[in-house]
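Colleague:
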Amino acid sequence: MTKKENFLKGIFSENPLFVSVLGMCPSLAVTTSLENALGMGIGVFFVLVLSNFTVSLIMSNPKLAELVKPVRIPVYIVVIATLVTIVEMLMHAYLIDLYNSLGVFLPLIVVNCIILGRAEAFASNNKPVDSVIDGIGMALGFTSALVIISVFREFLGKGTITVWGNAVIHLESIFDFLHMEPMGLFVQPAGAFLSFGLILAALVAIGNKRKENKAKGVATNG
Amino acid sequence: MNGGLKSGLVLLILGIISGTLLAVVNSLTAPKIEEIEQNIVYESLENFYDLDNYVITEENIESDGLDTIYILTNKSDDQIGALIYLVSAAGYNGDVTMLIAINNDYSVEGYTIVSQKENPPINDDFVHHDYNVTDITNLNDFDAIAGATYTSTAIRDCFIIISDRVVSDFGGGLND
């Protein structure tokens, strides 16, 4: 696998949220606004890239890997928990509104399946540089999925898109034009599942259509 | 050396490195966090009273959930006009910290939630709810709320902590 393929797989073919369906709990909870989604994405990016790098660095040393192997899961957890705590402290100090908004889901990054999964499935068997590229790709894939869900939910639920702080895009006029009110359900927990299901269905339909076209092309050429 | 022991030692060393790293980051962020919390408290105090009319002194208590009492002494007659308590109690996901302002007739001037860790989507309901407490010595009409992932138990506990000591505090208990 080339470095480019390694990077792109996290965004498209192995997207953690839309393909592997991992890390659902915090993803659905925080996607009530674009700002929350970006904040969570930044946190996960920092933790995933550095945890992949650290785990790969430890496991790429054969002697150290031999010692760590029986206690590798506790080792991963210590590494990830340390990084998450650092993110939490930095966010508390410098991004207080976002810190309050993400609430309990920020420390819960420790048990996010994506991070532990990449540490065990990829970083422990690959070189540090490849692991960092994998981490960047996966984190960007995760963040873009959060962004899509949050924009969908916030637009339909509130008629606005909160980019960051006071930077809010007001799209209520679209609802006015359609003589409708924003559908508050979409920013509620039930709306999270509904949005995720609709987006996933659309993506699967697009994927199937592409496969169908590809198959037709192969048949025509053949 | 036994293999298991060696692995344990590696884990211990990793734990020490992590602890040291966290201590360093904490030493950098802690003053900033304290400054932010102090600003939130002072902004809230200004919402309750015109601070130009009072002399503010701080009493650090740090017991039974109580952190600090801000004593507002009238500049005109040198009497305690109000006490503002910074108090915490255990909530659903962590401590809920409140600022509760009590006048010298035990009426509640106002209260605000300084920090809390209840789940994000329901934050607003929890923070902005009117808990119907007008007299700190009478909590019978406290309007409790609860949902799937939150309760107002911590808020009630904060009021109880104040209620248990407010009479004594206004009666000179703070000087003891």
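Going down the list, the protein sequences come from chains A and B. Residues in the first sequence are numbered consecutively from 1266, following the numbering used here. Residues in the second sequence are numbered consecutively from 399, following the numbering used here. Cβ atoms here follow ideal geometry from the backbone N, Cα and C, with glycine treated the same way.
Roughly how many angstroms separate the alpha carbons of V1314 (chain A) and V1320 (chain A), rounded to a whole number?
Modeller: 10 Å
Colleague: Mind reading off the beta-carbon distance from M1305 (chain A) to P1291 (chain A)? Whole number of angstroms is fine, and I expect it under 8 Å.
Modeller: 7 Å
Colleague: What residues match up with D533 (chain B) in a beta bridge as DSSP calls it?
Modeller: B:S505
Colleague: Name, going along the chain, the residues of the region 1340–1370 of chain A whose beta-carbon falls closer than 8 Å to a beta-carbon of chain B.
Modeller: The residues in question are V1340, V1343, V1344, A1346, T1347, T1350, I1351, M1354, L1355, H1357, A1358, Y1359, I1361, N1365, S1366, L1367, G1368, V1369, F1370.
Colleague: I'd like the span of the alpha helix (DSSP H) that includes H1357 (chain A), first residue to last.
Modeller: 1337–1359
Colleague: Rounded to the nearest angstrom, how far is the Cβ of T1427 (chain A) from that of E1419 (chain A), given a contact under 8 Å?
Modeller: T1427 (chain A) to E1419 (chain A), Cβ: 7 Å. Contact.
Colleague: Kindly indicate if chain B contains any beta-carbon less than 9 Å away from that of V1333 (chain A).
Modeller: yes
Colleague: Run down chain B in chain order and give the residues with a C-beta less than 8 Å from the C-beta of V1336 (chain A).
Modeller: Simply S405, G406, V408, L409.
Colleague: Can you tell me whether E516 (chain B) is buried or exposed, with buried defined as 16 or more other CB within 10 angstroms of its CB?
Modeller: buried
Colleague: Any beta carbon of chain B sitting closer than 9 Å to that of L1549 (chain A)?
Modeller: What the structure shows of chain A is the stretch from 1266 to 1487, and residue 1549 (chain A) is not part of that stretch, so it cannot be assessed.
Colleague: Tell whether a beta-carbon distance below 9 Å holds between G1288 (chain A) and I1379 (chain A).
Modeller: yes
Colleague: Buried or exposed: where does M1300 (chain A) fall if 16 or more other Cβ atoms within 10 Å of its Cβ makes it buried?
Modeller: Looking at the sequence itself, residue 1300 (chain A) is Glu, so the reference to Met does not match. With 16 or more other Cβ atoms within 10 Å, it is buried.
Colleague: How long is the line joining the alpha carbons of E1331 (chain A) and H1357 (chain A), rounded to whole angstroms?
Modeller: 38 Å
Colleague: Cα-Cα, which of A:K1423, A:G1430, A:I1414 is closest to S1460 (chain A)?
Modeller: Taking the Cα of S1460 (chain A) as reference, the smallest distance to any Cα among A:K1423, A:G1430, A:I1414 is reached at A:I1414.
Colleague: Which stretch, first to last residue, makes up the beta strand (DSSP E) that contains Y468 (chain B)?
Modeller: 464–472
Colleague: Does L1329 (chain A) have its Cβ less than 9 Å from a Cβ in chain B?
Modeller: yes
Colleague: Is E441 (chain B) close to chain A? Criterion is C-beta to C-beta, closer than 9 Å.
Modeller: no
Colleague: Roughly how many angstroms separate the alpha carbons of K404 (chain B) and E460 (chain B), rounded to a whole number?
Modeller: 43 Å
Colleague: Pull the bridge partners of D493 (chain B) from the DSSP assignment, please.
Modeller: B:A488
Colleague: Chain A partners of N424 (chain B), CB-CB under 8 Å?
Modeller: Around N424 (chain B), the beta-carbon contacts reaching into chain A at under 8 Å are M1354.
Colleague: Give me the DSSP bridge partner(s) of I411 (chain B).
Modeller: Paired residues: none, contrary to the question.
Colleague: CA-CA distance, N491 (chain B) and I1307 (chain A)?
Modeller: 23 Å
Colleague: Identify the contact partners of L420 (chain B) in chain A, using a Cβ-Cβ distance below 9 Å as the criterion.
Modeller: Those are T1347, T1350, I1351, M1354, listed as they occur along chain A.
Colleague: If you draw a straight line from the C-alpha of I1276 (chain A) to the C-alpha of G508 (chain B), how long is it?
Modeller: 50 Å
Colleague: Give me the Cα-Cα distance between L1389 (chain A) and I1398 (chain A), rounded to the nearest whole angstrom.
Modeller: Note on identity: in this sequence residue 1389 (chain A) is Ser, with Leu being the wrong assignment. If you take the alpha carbons of S1389 (chain A) and I1398 (chain A), they lie about 14 Å apart.
Colleague: Distance cutoff 9 Å, beta carbons only. Does S486 (chain B) sit that close to anything in chain A?
Modeller: S486 (chain B) does not count as touching chain A.
Colleague: Any beta carbon of chain A sitting closer than 9 Å to that of E457 (chain B)?
Modeller: no
Colleague: Any beta-carbon of chain A closer than 9 Å to the one on S550 (chain B)?
Modeller: no
Colleague: Would you kindly check if the distance between the Cβ of M1354 (chain A) and the Cβ of T427 (chain B) is under 9 Å?
Modeller: yes
Colleague: Just to confirm, is the Cβ distance from V1412 (chain A) to L1303 (chain A) under 9 Å?
Modeller: yes
Colleague: Span of the alpha helix (DSSP H) holding E1331 (chain A)?
Modeller: 1327–1333
Colleague: When you compare the CB positions of E1500 (chain A) and G1406 (chain A), do they come within less than 9 Å of one another, or not?
Modeller: Outside the displayed range of chain A (1266 to 1487) lies residue 1500 (chain A), so it cannot be described from this structure.
Colleague: Is I543 (chain B) close to chain A? Criterion is C-beta to C-beta, closer than 9 Å.
Modeller: no
Colleague: Three Cβ pairs or more, each shorter than 8 Å: is that satisfied between the region 530–542 of chain B and the region 493–504 of chain B?
Modeller: yes
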